[in-house]
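Student:
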Ligand code: ADP
Ligand code: MG
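Residue numbers (our numbering): 1456 to 1797.
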């Protein structure tokens, strides 16, 4: 009789153990925003209630919106000095700016060195010519001599960042900054920093291909991130992440067509034309700003040199060459599990 009771108790314990995880009081919620960084933002997170989720989303959104305004090179906003203001003040005088601008500009200068100039946030003059043609979409490319003239005003040494006085100065009147290659990744880092103070136990933020993941789900698994294949339908690979960023640059995201040929938005500072080595580069690493900077820079860098930069940075990288060949470095090999295609 006694052993029967013990067996029943054991069975009960086992049932409880099986049921408990699914009884977790945290549920998964999702929210979309359409007004940040010219792309779609998705926030996914585990919270105890929808009101906890909403409250946390507001905190995240406020930070993202501040970053969006600070790093906007094309619009001004009342009451703040942003990248547009810095550009407007080029050659005039230093401008006092938010500490986030100082931090990201200093980091951008480091990434310029690390990538041997492939990532150059001071390339605004050249990028603007391409942006104009893309937006007008009149079957026209920027003029060669205009590109060359603009390239004369892209020297990153003319970007003077003074941390002490929290000010920025562009020495060349015709120079301008464009933070498009790095700002979304940095915004992801800002979200990572504030997530512990929110009511989310685990979260994923996708800023148009810049994904950050935080924490483990209630079942203790990470977030499963699928990276679309640039060559057709479906995923190129999937990777399980927690506390990692997955950032992709591709030639299919923003482009325009001239005489049947596609011209995308990642511009090689050497040739002043869109990079032609790869059609997609994905970077997986802890730091979003670094991942974003690398995804753009490695898109423009020969594979061998790119591998060196990736390894030195401790990032996992997957490249898809324009002929469709897929390459990955050692860390990517270790991190990615489902890729029988690659
Ligand atoms: P996305 O912004 O589509 O996620 P990227 O992170 O690769 O893609 O950034 C591309 C943007 O970065 C361009 O739209 C442009 O504003 C800027 N950019 C393009 N080429 C360069 C470059 N060589 N260095 C710095 N910024 C660049
Ligand atoms: Mg980038």
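Cβ coordinates follow ideal geometry from the N, Cα and C atoms, glycine included.
Owing to the predicted nature of the structure, the values given are computational and were not obtained by experimental measurement.
Can you tell me where the beta strand (DSSP E) with residue 1719 in it begins and where it stops?
Tutor: Element bounds for residue 1719: 1716-1719.
Student: May I ask you to list the residues that DSSP assigns as paired with residue 1737?
Tutor: Looking at the DSSP assignment, residue 1737 forms a beta bridge with 1703, 1773.
Student: Within its chain, find whatever has a CB closer than 7 Å to the CB of residue 1527; leave out the 5 residues flanking it on each side and keep chain order.
Tutor: Excluding positions up to five away in sequence, the list reads 1537, 1538, 1539.
Student: Pull the bridge partners of residue 1490 from the DSSP assignment, please.
Tutor: Looking at the DSSP assignment, residue 1490 forms no beta bridge with any residue, so it has no partner.
Student: Starting from the C-beta of residue 1705, find all residues in its chain whose C-beta is less than 7 Å away, skip the five residues before and the five after it, and write them out in chain order.
Tutor: These residues qualify, in order along the chain: 1685, 1734, 1735.
Student: My output table needs one value for residue 1579: the three-state DSSP class, helix, strand or coil.
Tutor: Residue 1579: helix per DSSP, three-state reduction.
Student: Compute the minimum distance between the beta carbon of residue 1730 and the heavy atoms of ligand 2, and state whether it is under 7 Å.
Tutor: No, since every heavy atom of ligand 2 falls outside the 7 Å radius drawn around the Cβ of residue 1730.
Student: With C-beta atoms as the reference, is residue 1744 less than 8 Å away from residue 1611?
Tutor: No. Outside cutoff.
Student: Taking DSSP as the reference, what is the three-state secondary structure of residue 1695?
Tutor: In the structure shown, residue 1695 sits in a strand (DSSP, three-state: E or B).
Student: Using CA atoms only, rank isn't needed, just tell me which of 1551, 1535, 1767, 1568 is closest to residue 1618.
Tutor: When only C-alpha atoms are compared, the closest one is 1551.
Student: Helix or strand or just coil, what does DSSP make of residue 1564?
Tutor: Looking at residue 1564 - three-state DSSP - the assignment turns out to be helix.
Student: Is residue 1793 helix, strand or coil by DSSP?
Tutor: At residue 1793 the pLDDT is 48, less than 50, meaning the model places this residue with poor confidence; the figure from the coordinates comes in the next sentence. The answer is coil: DSSP assigns residue 1793 none of H, G, I, E or B.
Student: Assign residue 1570 to one of two classes, buried (16 or more other C-beta atoms within 10 Å of its C-beta) or exposed (fewer than that).
Tutor: That one is buried.
Student: CB-CB under 6 Å to residue 1794, same chain, minus the five flanking residues each way: which ones, in chain order?
Tutor: Here residue 1794 scores only 49 on pLDDT, less than 50, and its place in the model should not be relied on; the value that follows carries that caveat. Excluding positions up to five away in sequence, the list reads 1692.
Student: Where does residue 1799 fall in DSSP's three states?
Tutor: Outside the shown range of the chain, which is 1456 to 1797, sits residue 1799, and nothing can be said about it.
Student: Is the separation between the beta-carbon of residue 1799 and that of residue 1663 shorter than 8 Å?
Tutor: Since the first residue of the chain shown is 1456 and the last is 1797, residue 1799 is not available in this structure.
Student: Is residue 1485 helix, strand or coil when you go by DSSP?
Tutor: Three-state result, residue 1485: strand.
Student: Given that a residue counts as buried once 16 or more other Cβ atoms are within 10 Å of its Cβ, and exposed if not, what is residue 1548?
Tutor: Looking at its Cβ environment, which holds fewer than 16 other Cβ atoms inside 10 Å, residue 1548 is exposed.
Student: What residues in its chain sit with their C-beta under 7 Å from that of residue 1601, if we drop five residues either side in the sequence?
Tutor: If we look at residue 1601 and ignore the five residues flanking it on each side, its Cβ neighbours are 1584.
Student: Quickly, what does DSSP pair residue 1678 with across the bridge? List them, please.
Tutor: Beta-bridge pairing links residue 1678 to 1696.
Student: Count the other CB atoms, across all protein chains shown, that sit within 10 Å of the CB of residue 1524; report buried if there are 16 or more and exposed otherwise.
Tutor: Under this definition residue 1524 is a buried residue.
Student: Near residue 1755, which residues of its chain fall below 6 Å by C-beta distance, leaving aside the five closest residues on each side in sequence?
Tutor: 1573, 1723, 1730.
Student: Taking 7 Å as the cut-off, is the CB of residue 1747 close to at least one heavy atom of ligand 1?
Tutor: Yes, ligand 1 has a heavy atom inside 7 Å of this Cβ.
Student: Is the separation between the beta-carbon of residue 1646 and that of residue 1518 shorter than 8 Å?
Tutor: Taking 8 Å as the Cβ cut-off, residue 1646 and residue 1518 qualify as a contacting pair.
Student: Measuring straight from C-alpha to C-alpha, what distance separates residue 1671 and residue 1556?
Tutor: One C-alpha to the other measures close to 31 Å.
Student: Please list the terminal residues of the continuous alpha helix (DSSP H) segment that includes residue 1661.
Tutor: From DSSP, residue 1661 is part of no alpha helix (DSSP H) but of the beta strand (DSSP E) over 1657-1662.
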